[in-house]
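Just so you know, the protein sequences line up as chains W and C, in that order. Here the first sequence stands for residues 1 to 169, numbered as in this note's numbering. Here the second sequence stands for residues 1 to 169, numbered as in this note's numbering. Where is the CB? At the ideal position from N, CA and C, for every residue including glycine. This one's a predicted model, so the numbers in the text were calculated from it and none came from an experiment. Notes follow once the structure below has been shown.
There are 2 protein chains.
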Amino acid sequence: MAEGGAGPGGGESLLFLTDEQLRKGIEAMFFAYRGFTADPDRILDEMDYGRAHHRAIHFIHRSPGTTVNNLLSILGVTKQSLNRVLRTLIEDGLVESRVGRVDKRERHLFLTAKGSELERVLSDAQRARLRAAYRVAGPAAVQGFRQVLEAMMDPDLRRQYQTLKESSA
Amino acid sequence: MAEGGAGPGGGESLLFLTDEQLRKGIEAMFFAYRGFTADPDRILDEMDYGRAHHRAIHFIHRSPGTTVNNLLSILGVTKQSLNRVLRTLIEDGLVESRVGRVDKRERHLFLTAKGSELERVLSDAQRARLRAAYRVAGPAAVQGFRQVLEAMMDPDLRRQYQTLKESSA
DNA sequence: ATTTTATGTCAGCCTTGTTGACTTTCCAAG
DNA sequence: CTTGGAAAGTCAACAAGGCTGACATAAAAT
Numbered sequence: 001m002a003e004g005g006a007g008p009g010g011g012e013s014l015l016f017l018t019d020e021q022l023r024k025g026i027e028a029m030f031f032a033y034r035g036f037t038a039d040p041d042r043i044l045d046e047m048d049y050g051r052a053h054h055r056a057i058h059f060i061h062r063s064p065g066t067t068v069n070n071l072l073s074i075l076g077v078t079k080q081s082l083n084r085v086l087r088t089l090i091e092d093g094l095v096e097s098r099v100g101r102v103d104k105r106e107r108h109l110f111l112t113a114k115g116s117e118l119e120r121v122l123s124d125a126q127r128a129r130l131r132a133a134y135r136v137a138g139p140a141a142v143q144g145f146r147q148v149l150e151a152m153m154d155p156d157l158r159r160q161y162q163t164l165k166e167s168s169a
Numbered sequence: 001m002a003e004g005g006a007g008p009g010g011g012e013s014l015l016f017l018t019d020e021q022l023r024k025g026i027e028a029m030f031f032a033y034r035g036f037t038a039d040p041d042r043i044l045d046e047m048d049y050g051r052a053h054h055r056a057i058h059f060i061h062r063s064p065g066t067t068v069n070n071l072l073s074i075l076g077v078t079k080q081s082l083n084r085v086l087r088t089l090i091e092d093g094l095v096e097s098r099v100g101r102v103d104k105r106e107r108h109l110f111l112t113a114k115g116s117e118l119e120r121v122l123s124d125a126q127r128a129r130l131r132a133a134y135r136v137a138g139p140a141a142v143q144g145f146r147q148v149l150e151a152m153m154d155p156d157l158r159r160q161y162q163t164l165k166e167s168s169a
């Protein structure tokens with residue numbers, strides 16, 4: 001994969017990765033992640049929610065009916081931490097928790113209409129940001145972006161990501 | 001990849017950005033950032049430091065002699081927050097604060113030998129991770145990765161990033 | 001009948017962010 | 001020279017969102 005691509009001279013020159021080049025990549029991740037979360041953070045600030053609520057909402061939207069345990073393993077936090085967030089979302093009527101039919105110990109999580117509405121606002125903002133970045137960088141860059149990010153994940157996280165990715169295809 | 005699939009080159013297919021494709025990009029950022037910070041976090045945990053200390057150390061290493069105000073604008077936190085971190089780093093002998101010669105109100109920050117040593121350990125881990133990801137993704141992907149990340153930054157942050165980037169070239 | 005699993009909850013702690021108020025030092029403009 | 005403002009530091013109080021440990025309940029599994 002990744003045929004020398006970037007032109008005759010460009011390809012192999014990038015195989016020499018100086019510490020300087022790597023440092024720039026590290027700082028790019030740092031600054032880009034700030035931009036990536038900036039818009040949702042602004043929106044969430046106005047309500048009484050934070051980034052943790054956003055993450056829960058995102059993955060419940062992504063996998064409706066997911067159980068608490070599923071969510072815990074995707075988010076990588078403790079149940080106490082997730083529960084605090086989940087409780088407020090349920091109290092505020094953004095998330096619904098239904099007792100499992102086959103296994104009644106499990107709770108299946110769904111977004112309510114109100115929850116879906118917030119999800120839409122948040123992801124609209126984030127998608128707009130990403131779409132704009134993609135447009136500036138161009139189609140070829142998008143491929144590389146995703147490839148490097150995937151390669152950067154921990155194996156466990158990558159598995160989670162791949163599962164989510166395929167479940168839609 | 002190339003889930004757009006249709007195009008032989010894949011290029012033009014990516015100009016049609018479905019919400020699904022964008023959602024995958026969003027999740028890739030989320031999971032990749034976790035991997036990106038995992039190694040330093042593990043190391044820092046064993047000492048009594050956190051991610052905030054890492055960030056301060058990184059940018060002092062990057063720009064030795066930087067002032068507190070410079071650091072504040074790069075990190076985007078309040079001086080109270082930075083000061084708490086900076087104080088422990090100075091007390092522990094990782095950072096040295098020198099009164100400015102031209103403007104004595106300013107403090108110029110430097111890493112001590114001990115501070116540089118920790119910086120090296122942390123950045124070695126992070127660079128290894130990034131290098132491995134670059135190797136897997138290939139040279140062309142690295143270009144795209146950086147391009148999309150830069151385009152994703154807030155204008156202010158991008159200016160900070162560009163300044164740092166150029167100051168080394 | 002017992003053990004294990006899934007969930008929820010209480011209590012307490014830590015890091016790292018915030019705001020607001022106040023001080024000291026020092027540069028710079030009037 | 002005096003005064004205003006900038007750079008830095010500090011104290012106090014607070015919040016979000018992580019964490020651990022302990023414990024409770026219901027239901028499934030053995």
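- Near chain W, meaning a CB-to-CB distance below 7 Å, the residues of the region 30–43 of chain C are 31, 32, 33, 34, 35, 36, 38.
- Within the DSSP secondary-structure output, residue 97(C) pairs in a beta bridge with 109(C).
- Assignment of beta-bridge partners to residue 67(W) by DSSP yields 108(W).
- Burial is judged here by how many other beta carbons sit within 10 angstroms of a residue's own beta carbon; residue 114(W) has fewer than 16 and is exposed.
- Exposed is the label assigned to residue 47(C), since fewer than 16 other Cβ atoms lie within 10 Å of its Cβ.
- For residue 26(C), the residues of chain W that pass the 9 Å Cβ criterion are 36, 58, 123, 126, 127, 130, in the order they occur in the chain.
- Contact residues of the region 147–166 of chain W toward chain C are 147, 148, 149, 150, 151, 152, 153, 154, 157, 158, 160, 161, 164, 165 (C-beta to C-beta distance below 8 Å).
- In the structure shown, the three-state DSSP call for residue 19(C) is helix.
- In this structure, 35(C) is the residue among 17(C), 35(C), 26(C), 30(C) with its C-alpha nearest to the C-alpha of residue 133(C).
- In the DSSP annotation of this structure, the continuous segment of the alpha helix (DSSP H) that includes residue 88(C) starts and ends at 79–91.
- Pairing residue 29(W) with residue 111(W), the inter-Cα distance amounts to about 31 Å.
- Between the region 48–68 of chain C and the region 83–93 of chain C, the count of C-beta pairs closer than 8 Å reaches three or more; the two stretches touch.
- Counting along the chain, the unbroken alpha helix (DSSP H) around residue 144(C) starts and ends at 139–152.
- The C-alpha of residue 107(W) is placed about 15 Å away from the C-alpha of residue 84(W).
- Of all residues in the region 60–75 of chain W, the ones placed with a Cβ closer than 8 Å to any Cβ belonging to chain C are 62, in chain order.
- DSSP, read as helix, strand or coil, puts residue 102(C) in coil.
- Residue 104(W) has its alpha-carbon roughly 49 Å from the corresponding atom of residue 157(C).
- Between residue 109(W) and residue 96(W), the C-beta gap is smaller than 9 Å, which places the two residues in contact.
- In terms of Cα proximity to residue 60(C), the closest of 120(C), 40(C), 19(C) is 120(C).
- Under the three-state reduction of DSSP output, residue 47(C) falls in the coil class, being neither helix nor strand.
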